[in-house]
Amino acid sequence: MILKAEDDMSSEEKELFSKKERSKNVIAVPVNQIRLDLCDVINMRAVDATDSGKLCGPKAANLGELKKLFPDQVVEGLIIPFGIFRSHMSQNMPNTGKTYWEYLNDTFDKAKILADRGESEAEVEAFQLEALDKLHKAIIEMPLSTAFHIDLRQQFKTVFGRAIGEVPVFLRSDTNMEDLKEFTGAGLNLTLFNIKDEDEIIRGIKRVWASAYTERSFKWRQKYLSNPENVFPSILIIPSVDVDYSGVMITKGINSEMTMI
Numbered sequence: 001m002i003l004k005a006e007d008d009m010s011s012e013e014k015e016l017f018s019k020k021e022r023s024k025n026v027i028a029v030p031v032n033q034i035r036l037d038l039c040d041v042i043n044m045r046a047v048d049a050t051d052s053g054k055l056c057g058p059k060a061a062n063l064g065e066l067k068k069l070f071p072d073q074v075v076e077g078l079i080i081p082f083g084i085f086r087s088h089m090s091q092n093m094p095n096t097g098k099t100y101w102e103y104l105n106d107t108f109d110k111a112k113i114l115a116d117r118g119e120s121e122a123e124v125e126a127f128q129l130e131a132l133d134k135l136h137k138a139i140i141e142m143p144l145s146t147a148f149h150i151d152l153r154q155q156f157k158t159v160f161g162r163a164i165g166e167v168p169v170f171l172r173s174d175t176n177m178e179d180l181k182e183f184t185g186a187g188l189n190l191t192l193f194n195i196k197d198e199d200e201i202i203r204g205i206k207r208v209w210a211s212a213y214t215e216r217s218f219k220w221r222q223k224y225l226s227n228p229e230n231v232f233p234s235i236l237i238i239p240s241v242d243v244d245y246s247g248v249m250i251t252k253g254i255n256s257e258m259t260m261i
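Residue numbering for the sequence shown is 1 to 261, as defined by UniProt numbering.
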């Protein structure tokens, strides 16, 4: 770590700390090619970069691409595609008289009505946050289908060579709103580390799904997405590694494009 007074910083260093205004353009999450009909757990070997935003998010799709290119250097993995999340959202949500999906869409529809009626932005946001908090909690308690349980167990054994509950794994959120041209949602949702027990994996899947509706996630995306109801989470499951430290290695200058290693 290097500490410098501002007067001692180079122009390039000052640029790193300069204030950047994000684009105020409202953008739409692309859903014209999304495949919500596929409701089976997928071997990561079966996808590549072209599946990003269709079956799963870019993490899983790009890792699948790398697996094809470097099969012996990239870990095995499983993908819970968008379609599995969407199919479970068609279940009835307790104490609402509607499905989880209907509740989600009604929340955004009602928010628009409130805004059109002249309610303040703070009041509209408060309504949405309260409704989404209820949805978040309900998804965590959502029952998962027997067919999904069976499929996950079978694919887990096939891909990882051991039964579920015997291999610690990462559960990585991977949505269709990550790496868009004018907005990246990477890091907004939950990733769980070193999960081994089968019951914890099942609960973790629901926690990752539900994390799309936390206050943090909502506030980051709400002002920039015209169709926030169409944010779909997939989940990438890969073997966990017992480490003392983890982090991100920057190999190229963000502004200068200069190679750093």
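All residues carry an ideal CB built from backbone N, CA and C; glycine is no exception.
| Query | Result |
| --- | --- |
| Residues near Gly57 by beta carbon distance below 7 Å, same chain, minus five either side | Asp174, Thr175, Asn176, Glu178, Ser234 |
| Same chain, Cβ closer than 7 Å to Leu36, neighbours up to 5 away in sequence not counted | Phe82, Gly83, Arg86 |
| Local Cβ density within 10 Å of Asp51, reported as buried at 16 or more and exposed below that | buried |
| Nearest-angstrom beta carbon gap, Val41 and Asp151 [assumed within contact, 8 Å] | 5 Å |
| C-alpha distance - Arg207 paired with Ile140, whole-angstrom precision | 5 Å |
| Per-residue burial, Val167 [other beta carbons within 10 Å of its own, 16 or more giving buried] | buried |
| Three-state secondary structure assigned by DSSP to Phe232 | coil |
| The alpha helix (DSSP H) enclosing Leu129, as first and last residue numbers | 121-140 |
| Inter-residue Cα distance where the pair is Asn43 and Arg172 | 15 Å |
| Burial state of Tyr245, where buried means 16 or more other Cβ atoms lie within 10 Å | exposed |
| Beta-carbon spacing of His88, Tyr213 below 8 Å | no |
| Strand pairing of Thr50, partner residues [DSSP] | Paired residue(s): none; Thr50 is not in a bridge. |
| Asp116 in three-state terms, based on DSSP | helix |
| Buried versus exposed call for Gln154 [16 or more other C-beta atoms within 10 Å across all chains shown] | exposed |
| One or two residues paired with Cys56 in a DSSP bridge | Ser52 |
| Endpoints, the alpha helix (DSSP H) within which Ile84 is located | 82-88 |
| For Arg207: DSSP bridge partner residues | Arg207 pairs with nothing; no bridge assigned. |
| Where the beta strand (DSSP E) containing Asp151 begins and where it ends | Looking at the DSSP string, Asp151 is not in any beta strand (DSSP E); the run it does join, the alpha helix (DSSP H), is 146-160. |
| Beta-carbon spacing of Leu225, Val74 below 8 Å | no |
| Backbone CA spacing between Pro94 and Leu144 [nearest angstrom] | 14 Å |
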